[in-house]
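Heads up, the thing below is written out as structure tokens.
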Amino acid sequence: MFRNIPPVTKNIIILNVVVYLVSNLLFSGHLYNILSAYYPFSPNFRSWQILTHMFMHAPMGQGMGLTHILFNMFTLWSFGPVLEQVLGAKKFLLLYFVSGLGAFLLFNVWNVYEVNQIISALDQQGIDVAEVFRKSSQTYTGDLSVFKNPDALLLGQMLNSKMLGASGAIFGVVAAFSTMFPDAKLVFLFIPFPIKAKYLFPIIIVVSLYLGISDSMGGIAHFAHIGGAVVGFLMALYFRKKHIQRWH
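When we follow full-length UniProt numbering, the leftmost residue of the sequence shown carries the number 1, and every step to the right adds one.
Listed below in structure tokens is the structure:
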């Protein structure tokens with residue numbers, strides 16, 4: 001199966017699977033607190049999480065469980081090889097990680113908006129916001145009575161929520177594929193007829209935007225998907241333009 005997969009795609013899949021197995025089987029989930037990405041202004045955030053969260057997936061037996069990593073790796077296996085062969089290893093690797101960073105950025109721009117809404121509500125109630133931030137640290141073991149306030153509890157939950165998964169980077173790969181090969185016909189199990197790849201990007205944007213704004217399917221970072229897809233789309237446009245210029 002791996003014999004015909006180009007090196008970058010293959011090694012990303014292998015690394016994701018290895019990290020998943022190590023995180024779940026050897027460290028009893030402890031690595032999730034270290035390598036998943038927290039809200040950038042949370043006391044639990046660490047700079048390396050911007051990169052490492054792309055290799056973490058839903059724990060076994062929780063949330064999406066194995067479905068999360070299986071779907072992501074299958075999608076990467078489906079779209080990555082052709083794109084890597086056309087772009088080359090370096091450009092494909094750049095596309096993958098920059099898309100993941102774009103996903104992290106847009107997701108947290110939305111988070112900043114939501115957190116500021118809660119902070120405004122707490123200020124109006126005279127609640128010490130700095131205290132909520134400080135006591136949201138995973139290492140804090142003192143008095144937690146401030147979280148009896150519903151808004152303080154909600155803020156604490158947001159400061160302790162984790163962003164994880166390769167979805168943002170992979171949505172960038174899918175969007176880039178749809179841009180580089182717009183007329184390629186794709187077959188999906190849940191669609192009874194083939195569709196052209198060029199429709200994938202607008203479908204991703206519209207569906208993810210609706211789900212994100214309506215807060216449907218909670219626990220999924222829909223704005224991260226949009227961020228990754230937009231970055232992948234823009235990078236593919238740039239690469240395609242440079243490729244055309246090379247031949248003229």
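Heads up, the beta-carbon is just placed ideally off N, CA and C, and yes, glycines get one too.
Note that this is a predicted model, so its numbers are computed, not measured.
Under the three-state reduction of DSSP, which class applies to L164: helix, strand or coil?
Here L164 sits in coil by DSSP.
How long is the line joining the alpha carbons of L237 and H68, rounded to whole angstroms?
So the alpha carbons of these two residues sit roughly 29 Å apart.
Check each candidate in F74, L83, L70 and name the one with the smallest Cα separation from F181.
Comparing Cα positions, the closest option is L83.
Quick one: Cα of R240 to Cα of A197, how far?
Using only the alpha carbons, I get a separation of about 16 Å.
Keeping to the same chain, check which residues put their C-beta closer than 6 Å to that of G42; ignore five residues upstream and five downstream.
Note on residue identity: the sequence assigns Ser, not Gly, to residue 42. Counting only Cβ-Cβ distances below 6 Å, and skipping sequence neighbours, we find L159.
For A184 and S178, I'd like the C-alpha separation in whole angstroms.
Going from the Cα of A184 to the Cα of S178 covers about 8 Å.
Taking the alpha-carbon positions, what's the N16 to H53 distance?
About 11 Å.
Are A229 and I205 closer than 8 Å when you measure CB to CB?
Cβ distance < 8 Å, so A229 and I205 count as in contact.
Would you mind working out which of I13, G212, Q117, E131 sits nearest T75, comparing C-alpha positions?
Measuring from the Cα of T75, the nearest candidate turns out to be I13.
Tell me the DSSP secondary structure of A58 in three-state form.
A58 falls in the coil class under three-state DSSP.
Can you give the Cα-Cα distance for L21 and Y96, rounded to whole angstroms?
Whole-angstrom Cα-Cα distance: 22 Å.
Suppose contacts are defined by Cβ-Cβ distances below 8 Å. Is residue 304 in contact with N111 by that definition?
Because the chain spans 1 through 248 in this model, residue 304 falls outside it and cannot be assessed.
For K162 and I203, I'd like the C-alpha separation in whole angstroms.
Using only the alpha carbons, I get a separation of about 26 Å.
Considering only residues of the same chain and omitting the five flanking positions on each side of A37, which have a CB-CB separation below 8 Å?
Excluding sequence neighbours, A37 sits near F45, Q49, I50, T52, H53, F104, K162, M163, L164.
K91 to D151, Cα distance in whole Å?
Answer to the nearest angstrom: the Cα atoms are 44 Å apart.
Taking Cβ to Cβ, would you say I226 is nearer than 8 Å to S208?
In contact: I226 and S208 (Cβ atoms closer than 8 Å).
What do you reckon, are the CB atoms on H222 and L211 nearer than 8 Å?
Yes, these two residues count as a Cβ contact at 8 Å.
If V174 and F79 are in contact, beta carbons under 8 Å, what's the gap, nearest whole angstrom?
Yes, they are in contact, since the Cβ atoms of V174 and F79 sit about 5 Å apart, within 8 Å.
Could you have a look at H248 and say whether DSSP puts it in helix, strand or coil?
No answer about H248 holds up, because its pLDDT of 38 lies below 50 and its placement is not dependable.
Identify which residue in L155, G29, L25 has its Cα closest to the Cα of Y39.
Answer by Cα proximity: L155.
Using a threshold of 8 Å, state whether the C-beta atoms of S99 and G29 are closer than that.
No, the Cβ-Cβ distance between S99 and G29 is not below 8 Å.
CA-CA distance, H248 and L200?
Low confidence applies to H248: its pLDDT is 38, below 50, so where it sits in the model is not reliable, and the reading given next is rough at best. Their Cα atoms are separated by approximately 29 Å.
Hey, would you say G232 sits closer than 8 Å to A176, going by beta carbons?
Taking 8 Å as the Cβ cut-off, G232 and A176 qualify as a contacting pair.
Determine which residues share a DSSP beta bridge with A37 and list them.
DSSP output for A37 lists M163 as bridge partner(s).
Compare the beta carbon distance of M56 and V19 with 8 Å and say whether it is the shorter of the two.
Result yes, Cβ atoms of M56 and V19 sit closer than 8 Å.
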